[in-house]
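Notes follow once the structure below has been shown.
Protein chains: 2
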Amino acid sequence: MATSARRGPYFCGIDAAMDVVAGKWKSLILWELQHHGTRRFAELRRGLPGVSEKMLIQHLREMEEDGLVHREVYRQVPPKVEYSLTEHGISLNAALVLLGEWGTERIRRIGAEKVSVSISADVASDVAADVAADVPTAVGR
Amino acid sequence: MATSARRGPYFCGIDAAMDVVAGKWKSLILWELQHHGTRRFAELRRGLPGVSEKMLIQHLREMEEDGLVHREVYRQVPPKVEYSLTEHGISLNAALVLLGEWGTERIRRIGAEKVSVSISADVASDVAADVAADVPTAVGR
DNA sequence: ACCAGTACGGACTAATTAGTCAGGTACTCA
DNA sequence: TGAGTACCTGACTAATTAGTCCGTACTGGT
Numbered sequence: 026m027a028t029s030a031r032r033g034p035y036f037c038g039i040d041a042a043m044d045v046v047a048g049k050w051k052s053l054i055l056w057e058l059q060h061h062g063t064r065r066f067a068e069l070r071r072g073l074p075g076v077s078e079k080m081l082i083q084h085l086r087e088m089e090e091d092g093l094v095h096r097e098v099y100r101q102v103p104p105k106v107e108y109s110l111t112e113h114g115i116s117l118n119a120a121l122v123l124l125g126e127w128g129t130e131r132i133r134r135i136g137a138e139k140v141s142v143s144i145s146a147d148v149a150s151d152v153a154a155d156v157a158a159d160v161p162t163a164v165g166r
Numbered sequence: 026m027a028t029s030a031r032r033g034p035y036f037c038g039i040d041a042a043m044d045v046v047a048g049k050w051k052s053l054i055l056w057e058l059q060h061h062g063t064r065r066f067a068e069l070r071r072g073l074p075g076v077s078e079k080m081l082i083q084h085l086r087e088m089e090e091d092g093l094v095h096r097e098v099y100r101q102v103p104p105k106v107e108y109s110l111t112e113h114g115i116s117l118n119a120a121l122v123l124l125g126e127w128g129t130e131r132i133r134r135i136g137a138e139k140v141s142v143s144i145s146a147d148v149a150s151d152v153a154a155d156v157a158a159d160v161p162t163a164v165g166r
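As given, the protein sequences belong to chains A and B, one line each in that order. Quick note: to get this note's numbering, add 25 to the position in the first sequence (first position is 1). Quick note: to get this note's numbering, add 25 to the position in the second sequence (first position is 1).
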């Protein structure tokens, strides 16, 4: 098993929560999925400037194993896979809101730069791209 | 500069908050200081079973730089240093409470083990150990 | 004299995590 | 026939993070 996975024993709840959020891009993936509801692999990649495909898929797989994201495979050509948050993913995001506010305050305090993840810019193109045939089929790796 | 320190640019608040909490023991240090108010170096080490001295001091220094913990040096022999949370550290901990609850729920869900950090056991010995002379002097490294 | 305890600092190594790059599938369009 | 698209997989390497071990300076107890 190449992917990390610790899954206990944990010292406390924070420790357990940090375990699933640890990873350079996981919190960003959570944020992306929260804000867009459902995203395709390539959309996520574009929304996370600088992420490598390998890391993105690795994190997505781990988060799927941890029950945070749902993976829906559409059997069509070219392939289409949609990722969305599960119930647990949504509740985790809710628990992260306060932390996000603290972080925003910290950014203001120390005057750090903030890279702009252009959300408004590519929403339009996404809507236009969703015209193809659907019908999901639960197929494994 | 050997110690990490990223401090931006950040994608969002969560990213910024994660930056200061990232590190195997940081959330535990936060927890310890929150529950005991003030702790000496050796007390922290005993409270975090498995931590190496090097990691503990490295994390403490980073958290001090990030304005999360306050370091009070008492000029006496043997040396005595007390660590406590600053205002920012306390507010960060407050922001982590929800996350901790989510993690506790997750531990229950997946049935992970939980190592017991004996808090009740060594409180008594701490109280007994605080009899020596004090008078803090703000001295650098 | 010698060991234990206090709070570190630094060199070196091990482990973990992330990144690069070359494919691979399975089908469509020109 | 070859290119292009979308979603990956795996080998290899780089970077980051953590751990081990030893040293400092000083004192109190045996």
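Virtual Cβ for every residue (Gly too), placed ideally from N, Cα, C. Nothing here was measured: the structure is a model prediction, and the numbers come from that model.
Chain-order list of chain B residues neighbouring V140 (chain A): P34, Y35, F36, by C-beta distance under 8 Å. The beta carbon of V76 (chain B) sits closer than 7 Å to the beta carbons of W50, R70 from its chain, once the five residues preceding and following it are set aside; these are given in chain order.
Annotated three-state conformation of E112 (chain B) is helix, per DSSP. Beta-bridge partners assigned by DSSP to V94 (chain B): B:L110.
Of the residues assessed, I135 (chain B) falls on the exposed side of the cut-off, its CB having fewer than 16 other CB atoms within 10 angstroms. Contact between the segment 99–119 of chain A and the segment 94–104 of chain B is absent: fewer than 3 CB-CB pairs across the two stretches fall below 8 Å.
Close CB contacts of H113 (chain A) within its chain, under the 7 Å cut and outside five residues either way in sequence, are with G92, L93 (chain order). Of the residues B:W127, B:I115, B:A119, the one whose Cα lies closest to the Cα of T63 (chain B) is B:I115. Under a criterion of Cβ atoms nearer than 7 Å, the residues of chain A adjacent to L124 (chain B) are, in order, I39, A42, A120, L121, L124.
D40 (chain B) sits away from R32 (chain B), with the two beta carbons spaced by 8 Å or more. Taking the Cα positions, L121 (chain A) is about 30 Å away from F66 (chain B). For R64 (chain B), the uninterrupted beta strand (DSSP E) segment begins and ends at 63–65.
Rounded to the nearest whole angstrom, the C-alpha separation of P34 (chain A) and K139 (chain B) is 5 Å. With respect to the 8 Å criterion, G48 (chain B) and G38 (chain A) are not classified as neighbours on the basis of their beta carbons. Of the residues A:R133, A:T129, A:L53, A:I132, the one whose Cα lies closest to the Cα of M80 (chain A) is A:L53.
The residue from A:E68, A:H61, A:E57 with its alpha-carbon nearest to that of F36 (chain B) is A:E57. A distance below 6 Å between beta-carbons, with the five flanking residues on each side excluded, links H95 (chain B) to the following residues of its chain, in chain order: S109, T111.
Linking H60 (chain A) to E68 (chain B) through their CA atoms gives a straight-line distance of about 43 Å. Around the C-beta of A119 (chain B), fewer than 16 other C-beta atoms lie within 10 Å, and the residue is accordingly described as exposed. W127 (chain A) places its beta carbon less than 8 Å from that of L117 (chain B).
Residues of the segment 74–90 of chain A with a C-beta less than 8 Å from any C-beta of chain B: none at all. Interface residue (Cβ-Cβ distance to chain A less than 8 Å): S109 (chain B) is not classified as such.
Counting the other CB atoms within 10 Å of its CB gives R133 (chain B) a total below 16, which places it among the exposed residues.
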